[in-house]
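Protein chains: 2
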Amino acid sequence: MARGLTREMLTSAALRIVDNDGLQALSMRRLGTELGVDPMAAYRHLSNKGILLDEVVAAVMSEIDTEAIDASRPWQDQLRALALSYLTALMAHPHVAPLIAERSLRTAGSLRVVEKALQIMTEAGAQLSDAMATIDAIGLLSAGIAQAASAAQVPANGTARDFSGLLPPREFPLLTQAAEAGALSDGLADVLSFAVDGMIAVLEVKAQSIRASDE
Amino acid sequence: MARGLTREMLTSAALRIVDNDGLQALSMRRLGTELGVDPMAAYRHLSNKGILLDEVVAAVMSEIDTEAIDASRPWQDQLRALALSYLTALMAHPHVAPLIAERSLRTAGSLRVVEKALQIMTEAGAQLSDAMATIDAIGLLSAGIAQAASAAQVPANGTARDFSGLLPPREFPLLTQAAEAGALSDGLADVLSFAVDGMIAVLEVKAQSIRASDE
DNA sequence: CACTAGATGTCTACGCTGTAGACACCAGTA
DNA sequence: TACTGGTGTCTACAGCGTAGACATCTAGTG
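Top line first, the protein sequences correspond to chains A and B.
All residue numbers for the first sequence refer to my numbering, where the first residue is 1 and numbers rise by one.
All residue numbers for the second sequence refer to my numbering, where the first residue is 216 and numbers rise by one.
As structure tokens, then:
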């Protein structure tokens with residue numbers, strides 16, 4: 001009867017399944033098999049599958065390392081580091097990304113990170129609403145990037161991706177050029193830093209103008 | 216026997232179902248019911264459900280209005296307008312957003328938009344890789360925003376969202392403040408324009424420095 | 001020590017899903 | 001008129017999440 005089933009065992013087994021075989025592979029039956037236990041056993045610890053998914057999201061979120069950010073560095077670097085930590089955690093479990101995007105980006109587990117980011121930016125003189133926008137953008141972008149990475153890995157049952165060879169150069173000259181330069185599928189991660197740099201630029205300008213009007 | 220079933224009828228019925236009742240409501244059986252036809256009839260026109268979903272994505276993409284962009288305006292405005300068109304199309308069908316995020320952001324239907332955006336930015340002196348990054352960011356952010364909007368509408372089967380009343384102010388002072396200011400759930404759409412403005416700023420600076428080194 | 005109450009794992013079963021395969025019919029061509 | 005290919009229908013299968021009954025093991029109480 002294997003009396004020792006716990007929420008943590010279920011969560012980590014679930015995460016293992018998702019990491020190895022993708023999100024669609026995570027069924028309650030598969031989860032049971034993975035732990036050598038009846039599928040229904042999970043329901044003694046988790047009232048439904050949704051809760052299990054929340055738990056998986058929380059597990060990934062808990063891997064984000066906020067302590068590694070050096071508070072002595074300029075706020076711009078801190079923000080960049082935080083964004084990178086976030087993306088890194090997600091990219092470690094790309095198949096979880098759809099869950100993160102779907103189940104709100106601010107589930108309990110990520111509150112810690114959000115608070116940290118707010119702190120960095122407001123101390124730098126940013127307005128709360130701008131800081132929130134920046135955070136949302138970082139979260140959404142990271143989730144999107146990870147999701148794209150996940151989708152690229154899984155064949156995704158009969159969908160026609162990868163038209164690399166077959167896009168008509170007449171109609172799409174620039175796209176063709178970009179594809180040939182490899183700018184399409186590569187460097188999706190650069191998108192985040194590009195966007196973050198952009199938002200930092202805006203925050204800098206705004207903070208400066210506020211400081212100027214204060215004097 | 217209703218001899219007149221077409222791919223378009225199936226696609227538009229599917230989109231109607233998704234818009235009204237969410238993505239999880241779209242089953243082949245439901246699709247059949249919607250059209251007063253046997254569930255299996257759809258398989259005469261679409262080899263599997265994945266193709267149907269691709270078709271739905273394409274339908275939404277086709278609603279993006281690239282012609283409405285005024286070429287006489289400065290490129291910054293054009294880019295902003297394009298981003299807004301993209302988001303608007305997605306927000307018209309928020310429940311489709313997960314599909315768009317999952318099935319690559321550059322399915323056939325959106326190539327047109329991507330090419331247009333590339334054109335705007337390269338004519339303004341941007342490098343192709345930077346332009347691609349900007350486009351990816353716009354696409355991912357729009358999809359993320361729409362997805363968040365979709366998730367907020369659907370109760371999402373037993374997940375604990377909306378901790379508005381119950382987040383401990385001691386631990387999360389800034390978050391609490393932001394929540395009280397309503398900066399959390401409102402204005403997700405502002406996130407896109409904030410990020411776009413940021414990336415425009417970066418593109419401007421880069422273009423300027425390139426022009427300077429040319430002389 | 002005996003007994004009980006609760007927690008936990010197991011089993012069966014229901015209605016849902018996508019879709020394979022056989023069948024029935026109808027339109028157009030030879 | 002006979003046939004052929006396209007289309008809609010029907011049945012069936014394996015898989016899903018999970019409700020509800022049952023069995024068993026553990027801890028606490030007298």
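Just so you know, even glycine gets a beta-carbon here, dropped at the ideal spot from N, CA and C.
Neighbours of residue 122 (chain A) across chain B, judged by C-beta separation under 7 angstroms: 389.
Interface annotation, residue 201 (chain A): in contact with chain B, CB-CB separation under 8 angstroms.
The beta carbon of residue 46 (chain A) is closer than 6 angstroms to those of 52 in its chain, skipping five residues each way along the sequence. The C-beta of residue 132 (chain A) comes closer than 8 angstroms to at least one C-beta of chain B. One thing to note: residue 101 (chain A) has its Cβ no nearer than 8 angstroms to the Cβ of residue 265 (chain B).
At a cut-off of 4 residues, the continuous stretches assigned as alpha helix (DSSP H) that sit fully inside the segment 219-306 of chain B are 222-236, 243-249, 264-276 and 290-306. Contact between the segment 344-355 of chain B and the segment 323-336 of chain B is present: 3 or more CB-CB pairs across the two stretches fall below 8 angstroms. Between the alpha carbons of residue 88 (chain A) and residue 64 (chain A) lies a gap of roughly 8 angstroms. When C-beta atoms of the segment 226-238 of chain B are compared with those of the segment 308-315 of chain B, three or more pairs fall below 8 angstroms, so the two segments count as touching. Under the DSSP assignment, residue 348 (chain B) falls in the alpha helix (DSSP H) whose first and last residues are 343-368. Setting aside the 5 residues that flank it on each side, residue 15 (chain A) is surrounded in the same chain by 56, 59, 60, 93 and 96, each with a C-beta closer than 8 angstroms to its C-beta; the list follows chain order. In its chain, beyond the 5 residues on either side, 353, 357, 407, 408 and 411 have a beta carbon closer than 8 angstroms to the beta carbon of residue 298 (chain B). Taking the beta carbon of residue 236 (chain B) as reference, no residue of chain A falls within 7 angstroms; the closest one sits roughly 17 angstroms away.
When the Cα atoms are used, residue 124 (chain A) and residue 75 (chain A) turn out to be separated by approximately 7 angstroms.
By the C-beta density criterion, residue 205 (chain A) is exposed, having fewer than 16 other C-beta atoms within 10 angstroms. Proximity of residue 211 (chain A) to chain B, defined by a Cβ-Cβ separation below 8 angstroms, is not satisfied. In this chain, the alpha helix (DSSP H) harbouring residue 98 (chain A) covers 97-102. For residue 333 (chain B), the enclosing alpha helix (DSSP H) covers residues 326-338.
Between the alpha carbons of residue 67 (chain A) and residue 424 (chain B) lies a gap of roughly 37 angstroms.
Between residue 77 (chain A) and chain B, the shortest Cβ-Cβ separation is not below 8 angstroms.
Here the alpha carbon of residue 190 (chain A) sits roughly 37 angstroms from the alpha carbon of residue 34 (chain A). The C-beta of residue 86 (chain A) has 16 or more other C-beta atoms within 10 Å across all chains shown, which makes the residue buried.
Neighbourhood of residue 60 (chain A) in chain B, by CB distance below 9 angstroms: empty, with the nearest CB roughly 15 angstroms away.
Between residue 414 (chain B) and residue 364 (chain B) the beta-carbon gap is near 22 angstroms, outside 8 angstroms, which marks them as no contact. Chain A has a Cβ within less than 8 angstroms of the Cβ of residue 359 (chain B).
Judged by beta-carbon spacing, residue 128 (chain A) lies beyond the 8 angstroms limit of residue 337 (chain B), meaning their Cβ atoms are not closer than that value.
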